[in-house]
Amino acid sequence: MEKYIPKKDYSLNLIAKYKFEETTGTTCIDSTGKYNGTYYGTTSIVGENGNARSFNGTKEYISTNLIIPKKNSIKLKIKTSVNNNNVLYIFNSDNSGTGFDLYLQNGTLTIALYCDNYKPYKSIKFNKIISDNNWHTCLITNNRTLVKFYIDDLINTEYTLDSLFWTGNTASTFWGCHRNTLGNYFNGQLDEIEIYDEVIEFTDNKYLIQDKNNILYILNENNLVHAPLQTLDENNFNSNGFSDISKITKDLLLSKFENLEGIKLLVYTDDLEKKECEMIYNCEPFRPIDNLKKNGYICNILFREV
Numbered sequence: 052m053e054k055y056i057p058k059k060d061y062s063l064n065l066i067a068k069y070k071f072e073e074t075t076g077t078t079c080i081d082s083t084g085k086y087n088g089t090y091y092g093t094t095s096i097v098g099e100n101g102n103a104r105s106f107n108g109t110k111e112y113i114s115t116n117l118i119i120p121k122k123n124s125i126k127l128k129i130k131t132s133v134n135n136n137n138v139l140y141i142f143n144s145d146n147s148g149t150g151f152d153l154y155l156q157n158g159t160l161t162i163a164l165y166c167d168n169y170k171p172y173k174s175i176k177f178n179k180i181i182s183d184n185n186w187h188t189c190l191i192t193n194n195r196t197l198v199k200f201y202i203d204d205l206i207n208t209e210y211t212l213d214s215l216f217w218t219g220n221t222a223s224t225f226w227g228c229h230r231n232t233l234g235n236y237f238n239g240q241l242d243e244i245e246i247y248d249e250v251i252e253f254t255d256n257k258y259l260i261q262d263k264n265n266i267l268y269i270l271n272e273n274n275l276v277h278a279p280l281q282t283l284d285e286n287n288f289n290s291n292g293f294s295d296i297s298k299i300t301k302d303l304l305l306s307k308f309e310n311l312e313g314i315k316l317l318v319y320t321d322d323l324e325k326k327e328c329e330m331i332y333n334c335e336p337f338r339p340i341d342n343l344k345k346n347g348y349i350c351n352i353l354f355r356e357v
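Residues 52 to 357, numbered by this note's numbering, are exactly what the sequence shown covers, in order.
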């Protein structure tokens, strides 16, 4: 999810984080120190970044005393090769028909929210197949009326709930199974689980490239092309600008321009609280020389050889 830039620092809203770095014992350590869990089976394995936890699909799960808050964001990494019609729970918090779940079925992920003995019951499916045995980053945000579901660099259509629907969880959360039946066991790996008591929001940044002659370029798939409009205004950024700056590599720039002298990355942002700009760029031989202007203006990033 590299292209998503949080609107603020949400570290103070982090209420639980399971990194799965422990390799022995039955204690699942919450690095915030609040909600340690218990391993029932599961195996410590090498993950994408450090250790992860593997579930074999047969009576393996993690119990915690964490009750997911009414307003929340849940982030995790998942890896699986299972693709069948069985419902396999990533997490479950069912308590007499009130709860908030995430499950795998037919290679895709579905969120379920329900109250009062499952009446009403809402499910939100993300139609991206994740059962490719690769790691995927998932983020769910829920403010009780609007649910968003991100997988990697994709976002599902936002789902609006009735304002009286979501009353919040009343039971603790189990990972890898249904907490009441101790069934529907997950088969795969999980890592870097983070739970927040706030909805994580992202800036809506749009970018254009400008050359030394002030010609504007946009990203068309994996190529830089002339922008259809050559005006520096909100309409051009919103209509033609691109969001994924990870595609702007040294090789891409040099395939279009003779050198990087005078090449600028222009950004238009809706973040009214933003007073400074930080950018991580993968052109290591170059350094950013920034000329920052305040909200509503253009932030120019100039790259020069050193």
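For every residue, glycine included, the Cβ atom is placed at its ideal position computed from N, Cα and C.
Problem - Beta carbon of Ala67 nearer than 8 Å to that of Leu117 - result: Taking the first residue of the sequence shown as 1, we reach residue 67 at position 16. Taking the first residue of the sequence shown as 1, we reach residue 117 at position 66. For Ala67 and Leu117, yes; Cβs fall inside 8 Å.
Exercise for the section: State buried or exposed for Lys126, treating a residue as buried only when at least 16 other CB atoms are found within 10 Å of its CB. Expected result: Working through the sequence shown from its first residue, we reach residue 126 at position 75. When all chains shown are included, Lys126 counts as buried.
Problem - Where the alpha helix (DSSP H) through Asn289 begins and ends - result: Counting from one through the sequence shown, the residue named residue 289 turns up at place 238. Looking at the DSSP string, the run of the alpha helix (DSSP H) that includes Asn289 is 285 to 291.
Practice task
Specify, as a first and last residue, the run of the alpha helix (DSSP H) that Lys59 falls within.
Solution key: As a first step, residue 59 must be located in the sequence shown, where it is residue number 8. Taken as a continuous stretch (DSSP letters only), Lys59 belongs to no alpha helix (DSSP H), as it is neither H nor E.
Practice task
Decide yes or no for the touch test of the stretch 67 to 77 against the stretch 230 to 245: beta carbon pairs closer than 8 Å, at least 3 of them.
Solution key: yes
Problem - Residue environment, Leu270, which counts as buried when at least 16 other CB atoms sit within 10 Å - result: Your numbering for residue 270 matches position 219 in the sequence shown. Result: buried.
Exercise for the section: Find the nearest neighbour of Asn102 within the set Thr109, Gly108, Thr115, Ile129, judged by alpha-carbon distance. Expected result: Within the sequence shown, residue 102 is the residue found at index 51, counting from 1. Out of Thr109, Gly108, Thr115, Ile129, Ile129 has the C-alpha closest to the C-alpha of Asn102.
Exercise for the section: Tell whether a beta-carbon distance below 8 Å holds between Thr89 and Thr75. Expected result: Locating residue 89 in the sequence shown gives position 38, where the first residue counts as 1. Locating residue 75 in the sequence shown gives position 24, where the first residue counts as 1. Going by C-beta atoms, Thr89 is not nearer than 8 Å to Thr75.
Problem - At least three beta-carbon pairs within less than 8 Å, the stretch 282 to 302 to the stretch 313 to 321 - result: yes
Practice task
Report all residues from its chain with a CB closer than 8 Å to the CB of Ser223; omit the five preceding and five following residues, and keep chain order.
Solution key: Translated into the one-based positions of the sequence shown, residue 223 becomes position 172. Around Ser223: Ser114, Thr115, Asn116, Leu117, Ile118, Ser144, Arg230.
Problem - Range covered by the beta strand (DSSP E) that runs through Asp302 - result: The residue you call residue 302 lines up with position 251 of the sequence shown. Premise fails: Asp302 lies in the alpha helix (DSSP H), 301 to 307, not in any beta strand (DSSP E).
Handout entry: 3 or more residues per run - each beta strand (DSSP E) lying fully within the stretch 215 to 287
Key = 238 to 247, 257 to 261, 267 to 271, 274 to 277
Practice task
With DSSP collapsed to three states, give me the class of Lys298.
Solution key: Working through the sequence shown from its first residue, we reach residue 298 at position 247. Of the three classes helix, strand and coil, the one that applies to Lys298 here is helix, per DSSP.
Handout entry: Ile251 Cβ short of 7 Å to the ligand FMN heavy atom set
Key = Looking for the ligand FMN in the displayed structure turns up nothing, as the structure carries no ligands at all.
Exercise for the section: May I have the straight-line CA-CA distance separating Lys170 from Val138, to the nearest angstrom? Expected result: Along the sequence shown, read from residue 1 onward, the residue named residue 170 stands at position 119. Along the sequence shown, read from residue 1 onward, the residue named residue 138 stands at position 87. Approximately 20 Å between the Cα atoms of the pair.
Exercise for the section: Establish whether the CB of Ser174 and some CB of chain C are separated by less than 8 Å. Expected result: Checking the listed chains, one finds no chain C in this structure; it contains a single protein chain.
Practice task
Quick one: using the 10 Å Cβ neighbour count with 16 as the cut-off for buried, is Gln261 buried or exposed?
Solution key: By one-based count along the sequence shown, residue 261 stands at place 210. Gln261 should be labelled buried.
Problem - Rounded straight-line distance, which links the Cα of Phe177 to that of Ile141 - result: On the sequence shown, position 90 is the one that residue 141 refers to. On the sequence shown, position 126 is the one that residue 177 refers to. So the alpha carbons of these two residues sit roughly 14 Å apart.
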